[in-house]
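This report refers to the structure that appears directly beneath it.
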Amino acid sequence: TTYRIGVVIGSIRKDSFNRKLALALAALAPEGFTFEHLRIDDLPLYNQDDDGNQAASVKRLKTEIAACQGLLFVTPEYNRSMPGVLKNAIDHASRPYGQSAWAGKPAGVIGISVGAIGTALAQQHLRNVLAYLDVPTLGQPEAFVQVKDDLFDDKGHIGNAGTKKFLQGWVDKYVAWIKTHNA
Ligand code: FNR
55 TTYRIGVVIG SIRKDSFNRK LALALAALAP EGFTFEHLRI DDLPLYNQDD DGNQAASVKR
115 LKTEIAACQG LLFVTPEYNR SMPGVLKNAI DHASRPYGQS AWAGKPAGVI GISVGAIGTA
175 LAQQHLRNVL AYLDVPTLGQ PEAFVQVKDD LFDDKGHIGN AGTKKFLQGW VDKYVAWIKT
235 HNA
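Each residue of the sequence shown is one higher than the one before, starting from 55 at the first, in the working numbering.
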């Protein structure tokens, strides 16, 4: 069995630490897991008037989600919540009412920020939204990663041994969660 994971990154900036973290996490996953980054930077601002006529980029996102066996949300924290670009993408793919692409897709939530407890509140807000959208989300372990100089090596893998061990444990639990929900 192969598992296609749709990766949703809450930052659209070029040098995003969250994007780097997503790539490093994928490298910790076992064979059979593929990670596809779902594009959200070309979605229009959500407008309910367009529910009956969704933009091509919105339809694409929904089709990509439908093709996935799991989701991985990797998000920064903006002003103690999730970034607007992420909420915008979530809102788009949740519509029209009754035709949400998210429902039932198992997920993991993780994030990295410059602040010590950074992303904790963003992750908690995101969990609230995902609970409503019927997305079974891995509860434990939680992971709040802080930007450090030695975090990534020059290949983009996790360079810090302790952090690598911790994140390997997270990925192992995430992988088991995805498998359980696709059994
Ligand atoms: C931030 N940042 C931030 N960090 C944090 O830990 N808690 C927060 O509430 C905020 N708030 C916030 C608001 C806005 C508008 C910006 C631009 C930034 C800092 C944030 O952690 C940092 O910019 C990260 O580098 C963002 O993640 P990416 O883009 O590197 O993935």
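Cβ atoms here follow ideal geometry from the backbone N, Cα and C, with glycine treated the same way.
In this structure, Phe206 sits near Lys74, with a CB-CB distance shorter than 8 Å. If you draw a straight line from the Cα of Gly223 to the Cα of Asp103, it is about 44 Å long. Under the DSSP assignment, His211 falls outside any alpha helix (DSSP H); it carries neither an H nor an E label. Taken atom to atom, the span from the alpha-carbon of Gly216 to that of His235 is near 29 Å. Annotation for Gln123: Tyr57, Arg58 and Asn236 place their beta carbon closer than 6 Å to its own, counting only its chain and skipping 5 residues before and after. Check the Cα spacing between Asp96 and each of Leu140, Ala120, Asn72 and Thr129: the tightest is with Leu140.
Comparing alpha-carbon positions, the option among Gln200, Ala80 and Ser148 lying closest to Thr173 turns out to be Gln200.
At a cut-off of 7 Å, the beta-carbon of Ser70 counts as near the ligand FNR: some heavy atom of the ligand is closer than that.
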